[in-house]
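Chains as they are written, first to last, in our numbering: chain A, 5 to 270; chain B, 5 to 270; chain C, 5 to 270; chain D, 5 to 270; chain E, 5 to 270; chain F, 5 to 270.
Even glycine gets a Cβ: it sits at the ideal position worked out from N, Cα and C.
Below: one structure, written as structure tokens.
Protein chains: 6
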Amino acid sequence: MERLLITGAAGGLGSMLRERMRGRARVVRLADIAPIPDPQPGEEIVQCDLADAAAVDAMVEGCDAILHMGGISTEQPWEPILQANIIGLFNLYEAARAHGQPRILFASSNHAIGFHPVTERLDADSPIRPDSLYGVSKCFGEALARMYFDKFGQETLILRIGSCFPEPKDYRMLSTWLSADDMVALIERMFEVPVLGCPIVYGASDNEAGWWDNSKTAWLGWRPRDSSEKWRARIIERDGPPRPDDPVHRYQGGMFCFEPVRRVKE
Amino acid sequence: MERLLITGAAGGLGSMLRERMRGRARVVRLADIAPIPDPQPGEEIVQCDLADAAAVDAMVEGCDAILHMGGISTEQPWEPILQANIIGLFNLYEAARAHGQPRILFASSNHAIGFHPVTERLDADSPIRPDSLYGVSKCFGEALARMYFDKFGQETLILRIGSCFPEPKDYRMLSTWLSADDMVALIERMFEVPVLGCPIVYGASDNEAGWWDNSKTAWLGWRPRDSSEKWRARIIERDGPPRPDDPVHRYQGGMFCFEPVRRVKE
Amino acid sequence: MERLLITGAAGGLGSMLRERMRGRARVVRLADIAPIPDPQPGEEIVQCDLADAAAVDAMVEGCDAILHMGGISTEQPWEPILQANIIGLFNLYEAARAHGQPRILFASSNHAIGFHPVTERLDADSPIRPDSLYGVSKCFGEALARMYFDKFGQETLILRIGSCFPEPKDYRMLSTWLSADDMVALIERMFEVPVLGCPIVYGASDNEAGWWDNSKTAWLGWRPRDSSEKWRARIIERDGPPRPDDPVHRYQGGMFCFEPVRRVKE
Amino acid sequence: MERLLITGAAGGLGSMLRERMRGRARVVRLADIAPIPDPQPGEEIVQCDLADAAAVDAMVEGCDAILHMGGISTEQPWEPILQANIIGLFNLYEAARAHGQPRILFASSNHAIGFHPVTERLDADSPIRPDSLYGVSKCFGEALARMYFDKFGQETLILRIGSCFPEPKDYRMLSTWLSADDMVALIERMFEVPVLGCPIVYGASDNEAGWWDNSKTAWLGWRPRDSSEKWRARIIERDGPPRPDDPVHRYQGGMFCFEPVRRVKE
Amino acid sequence: MERLLITGAAGGLGSMLRERMRGRARVVRLADIAPIPDPQPGEEIVQCDLADAAAVDAMVEGCDAILHMGGISTEQPWEPILQANIIGLFNLYEAARAHGQPRILFASSNHAIGFHPVTERLDADSPIRPDSLYGVSKCFGEALARMYFDKFGQETLILRIGSCFPEPKDYRMLSTWLSADDMVALIERMFEVPVLGCPIVYGASDNEAGWWDNSKTAWLGWRPRDSSEKWRARIIERDGPPRPDDPVHRYQGGMFCFEPVRRVKE
Amino acid sequence: MERLLITGAAGGLGSMLRERMRGRARVVRLADIAPIPDPQPGEEIVQCDLADAAAVDAMVEGCDAILHMGGISTEQPWEPILQANIIGLFNLYEAARAHGQPRILFASSNHAIGFHPVTERLDADSPIRPDSLYGVSKCFGEALARMYFDKFGQETLILRIGSCFPEPKDYRMLSTWLSADDMVALIERMFEVPVLGCPIVYGASDNEAGWWDNSKTAWLGWRPRDSSEKWRARIIERDGPPRPDDPVHRYQGGMFCFEPVRRVKE
């Protein structure tokens, strides 16, 4: 790779990828609406509001691979989600179309299917069940990515990320955790395969109590190696056993299912 | 019904429904961004830009049933689609939530699945394949409707309308045609059933060469009675036999699949 | 047919079949625990408690076809259901095995799947969801019938009857109604086909708002001709429109889902 | 159509099509290994052994549509089946490839799936279960047709014909009968549709006790109108009720399942 | 756990669990119709006939978790199965309902699906195929458990146990073996998960030649660790290679499929 | 085993199996149309043209197990494929039928499904998509094997071999590679199981980027141990990263999809 773009590079996931992807492209371009600290050799820093079409175009130009972690990644009022995840995503795909259609990793989310109960096993063909405005914006993004693929051949890996943190933080994450190593391994595969298409992949490590079945995309060759299991006892000891009446355990989206819908920040 | 709201009432579909729904509610409120001609007794006229949240709120207030035909209904540049079909739809659902959650008919479209080939039979669980920005905006709407159902119990009938005209206009519409009578019959059923949920229904008459299978929603009791068949010979005679190399016959979405993507009107 | 046995012949369904099957066998043997009024030429009357194995054996002896309508057909306490529907059914199958394995129509019930929501379309492979002790006893009966088929070749048509009355009595029965004519037509087919096996068939007429799909047993050649539709307007006029908050409309089993479980009559 | 080729035109199916297709093309070319009696204006007569590659090439040249009824159509020893249905079919597809790839109706057979039991409902994705060498040769033909489609774009309608006779001859044909009218209607559709692809269609009329579900190819617009039902009573009266121990009723392929395999005629 | 009830505690499976569950609850209550030898500190001994409703009620009172291994666990005549597995199970669920609905492990059996051939892979949605009265009684139990879940929220893990012995005893058990360690691991998970529902799980270790696929309940987090594989060579050496004509190898239920049906012990 | 026949024993796969199967039968009979070098004790050498029925009969006589690797194994003109893979296979099955129906491993090929795209996961029920005359001949063979099973009980393991070489030779083989050890392990299982039937199995090792799912035949107990993964880096280093525009990466059949069809060698 000549130039790899990581959007949302000041965020949690973006920072992690910045670390991990260092040296995997001649140049790594880091973009965020927030300032990105501490530039390193081989890095380019771009401050960019995704809602600004011209800025997004400039951000994408010259890149041959995109890890799109940017945008809102929690439940938020409609206005910021609209700007970053809807308008911003359209801007990104238009910029990619203008600049040679680099392969895109689109950070979708388990919140696109969050209203499925925790006693259900899903795969890439399970119906969407967004649990929040955030989740709806990810459904929009998946639809947009698919249309750009069918119409223009733009390849995207749609990754419905569970919970990508250094370690699982609570009982729910024992099912949803995605390790940094496993995520990086997936990124390697998606840029190695000669044909990617536009598959939907669930972003979780090989957790024992997993909810998501990636067997339909086994052809990618991604086999997560990590597991949340070693944190199970510790989490239960610390937080107590999970309570049946705790709503977080009702749906796969956890508490997002119970977040209110708001138009603007109050 | 006390007060039925028809949005997009100045448009083709809206005008037809205005005719047909007359007298089925004490008051029929007709809304559009364009002027609505010739008000009748029992009608209320509302001019409303869907992108204007306050206007939409006022439009919805006091209605106990909504036929949402409003918004953009052809492929258009991103900006108008964003305003009417994305921002506008959010406004509509927020207004419905504020005003007692009247049942909604959401005019989705076959263009949400338009990139499926014409040699494929689809049902409500077939994966989305939007063929245009318009189609993507309908996928957004379907996701939003589902989220409001799962989170708030808002009931919507998602109708993926084929081609609702007085008669089929070309060879493709022999597969996609929806008669006004059949559409009205569906509307009757969706307001009669005590439980509606949030089903996806394909809006086509009982056309012989149909692409869409509604058997999963047979519990609604909607059985289209009309068929495009009687126009077949006439269309072929007029237009000549359909040509294999005509791209309109490649995908279910017809020429929408080949429309360019534009940001603004040029 | 030489001798046709109808059990439960004093009950509603049994009486109807008694009328309709007259003359279709040289002898029709009518059995019930209750007295059967008014014997006709060509009829044999047998009073029989299904829980009495010897009596059941005598009842079955000499018959070459069985319509098993007997037993409890509403939600009841455990004790009578146990006697009639569990012990009684075992007695029936043992008697059939002892006497040449006549083909059996087993009156199972929609209450074997009654906890499925009314917005779902089922077929013969849908998972059981009994809604009552009665429904559980029907699941037992289906399992028993299948075992006798796999082990001994005893053929049974498992009929999950909806609501077999002269006409639909309420809004729910617009979905579940089975006309007498359609039931008799099915009986004719099940005795005509050279190979019956042990199929599960839903017993409903061609109602527009049907919940059940019999296409997997289309090879039987049973096509119901009647429809509940002509009663729809009348029922709604009489009872008012169905109310969303009426629990009868929540699940396919209607009010059976809300019946208490009791051990004995109180 | 300019020139329509009917192979096997001296056979039963071919003769019927010769009658019915008269006048639907400027020229109808009739081919068979046997003499074809009584040439009519607008007909060309070709005597052709399908195993003769050069003859087949000449037979196909100049045709823009092919109804391939030729070859062996009953169970026979290996040698004639090899010559006509395997070598002959390869010759036909090579000739079609050389001469503009006219659309082909390939007369496959229910004997490609004949070992499925009569209590099973099949569709186009059901696994093959050939019941004879004849059935195996049809599986070969279906595979060959598919390969020519995927590799060269040659379109074929694979028609698994049940029993195409003026009327059903026995109880089994109540399930398998295909009327001439229905077959001709299908032929009309397959040449009208702008995109045909390479679908598998079961060739049976709208028989009540049908085994085969064509809903996956509903997009073709073929709806059979005829039914075997009106012959049911007559057949049962004439032949007696079908006997459970008659092997013809065990599998869909009827007695083909019990035909011996022979290398050559004895 | 405060008090764990193990029924059938004098039987093979019950004794094993008695050993293994020691110390996992403050009190372990052991129940059986047979005397339970050698009480230990922390154990309560209850002699109980499952057919005795009052006794079952007393047995269940005060328990917050139930491992229901009690009842008949081999093919037996109807009478004892009726008493223990049908009447007894109803008694158990009524007692659980009366006493706070403790979570239940219901020892169902592979004999509920025993008539599936050994060349078929099953999962939780495969149709039941009971192979014996014992198997039918387990189908009854599964239906009862499901009804108590849908109606009252009673959670049960339905475990279709293969063969739970210290080691596989014969060739068939290479497919069906469930190790004690794996069973205990499953019990741990079923009491840990905050939401259990009423899932069907196949009880087998990670045997190489397994017949059952638990992927639909992967969300439980149960991953069996043991395998029968290390006994394969030994069993074949001892018993000789498995013989194709041995009926034990025809169906998954092994010899249960060939056990006679009897009313009472002869 | 008394006498094991390996056909195609002079070819690559045959030679490998000759090595590996040595000593697993009292006699190993090696057959090929080409001379087989260097006979060993315990080996019988047979030169045999598969198209010669009498020779094939003699080759099979006295064998109680057959590994049929013989015939054409690459894309070739029609004539040699017809002789070896079609006529030859019929000869083989007729000989097996005449001589006690020894179990057969039929070397089918991934080229029977080669036109499926590389972004699809297949299993035994996926539709055939032959990519060549060779692939069509394998579909013929699979159909023939199935017919001999349904009609005569002849058991065959249909193995759709990927690429069985000492090591993967190129990027595509990272998905299709089958190690010799894994193949031999499968052969052991297919002769050990008491009931084999006629399953379709994909012949690939446990490669990370696998296309084929054998879970439906998990009951066989075959678990491949090897993986192509350790060659990945080496192959990419040697050949460069796989190019998106290289047609070999479009379909699972690789370059076979682009081979011309020829009648005879030119």
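Considering only the beta carbon of each residue, do residue i and residue j sit closer than 8 Å?
i, j, result
"C/W215", "C/V122", "yes"
"E/I40", "E/D53", "no"
"D/L148", "D/P203", "no"
"D/E212", "C/G225", "yes"
"C/S183", "C/S209", "yes"
"A/L126", "A/I191", "no"
"C/W181", "C/G166", "yes"
"A/R176", "A/V265", "no"
"E/D174", "E/R229", "no"
"C/G207", "C/L163", "yes"
"A/T221", "A/V205", "yes"
Can you round the beta-carbon distance between residue i and residue j to whole angstroms, since I take them to be within the 8 Å contact cut?
i, j, result
"B/F195", "B/A13", "About 18 Å; that fails the 8 Å criterion."
"A/R9", "A/M25", "In the sequence under discussion, the amino acid at residue 9 of chain A is Leu, which differs from the Arg named in the question. That pair is no contact at about 10 Å."
"E/D61", "E/A35", "The Cβ separation is near 12 Å, so there is no contact."
"D/A29", "D/M63", "With a Cβ gap of about 15 Å, D/A29 and D/M63 do not count as contacting."
"E/N95", "E/A57", "5 Å"
Check for me: the beta strand (DSSP E) holding residue i runs from which residue to which?
i, result
"E/V60", "Here E/V60 belongs to no beta strand (DSSP E); instead the alpha helix (DSSP H) covers A57 to V64."
"C/E47", "E47 to Q51"
"D/V188", "Taken as a continuous stretch (DSSP letters only), D/V188 belongs to no beta strand (DSSP E), being part of the alpha helix (DSSP H) at A184 to E196."
"C/D243", "C/D243 -> not in any beta strand (DSSP E); alpha helix (DSSP H) instead, spanning R236 to D243."
"E/V252", "Unbroken run through E/V252: none, as it is neither H nor E."
"C/G12", "That residue, C/G12, is in no beta strand (DSSP E); it is neither H nor E in DSSP."
"A/A69", "A69 to H72"
"A/L54", "No beta strand (DSSP E) holds A/L54; DSSP gives it neither H nor E."
"E/A29", "First-last for E/A29: undefined, no H or E at that position."
"A/V205", "I204 to G207"
Looking at the secondary structure, which residues open and close the alpha helix (DSSP H) in which residue i lies?
i, result
"D/T180", "M177 to T180"
"D/D42", "Premise fails: D/D42 is in no alpha helix (DSSP H) and is neither H nor E."
"D/R24", "G16 to M25"
(request) Note down, one range per segment and in chain order, each alpha helix (DSSP H) of at least 4 residues found wholly within the segment 82-168 of chain A. (result) 82-85, 92-102 and 137-156
(message) Closer than 8 Å is the cut-off here; do at least three beta carbon pairs connect the segment 42-56 of chain A with the segment 156-173 of chain A?
(response) Judged by Cβ distances under 8 Å, the segment 42-56 of chain A makes no contact with the segment 156-173 of chain A, as fewer than three pairs qualify.
(message) Below 8 Å, how does it come out for the segment 107-117 of chain D and the segment 112-119 of chain F: are there three or more Cβ pairs, yes or no?
(response) no
(message) Under 8 Å, with one C-beta from each stretch per pair, do the segment 11-28 of chain D and the segment 61-77 of chain D reach the 3-pair mark?
(response) The segment 11-28 of chain D vs the segment 61-77 of chain D: in contact.
(message) Whether or not the segment 80-89 of chain C and the segment 134-154 of chain C are in contact is what I'm after, with contact meaning three or more pairs of Cβ atoms, one per stretch, closer than 8 Å; do they touch?
(response) yes
(message) With three or more C-beta pairs closer than 8 Å as the rule, is the segment 234-251 of chain B touching the segment 244-264 of chain D?
(response) no
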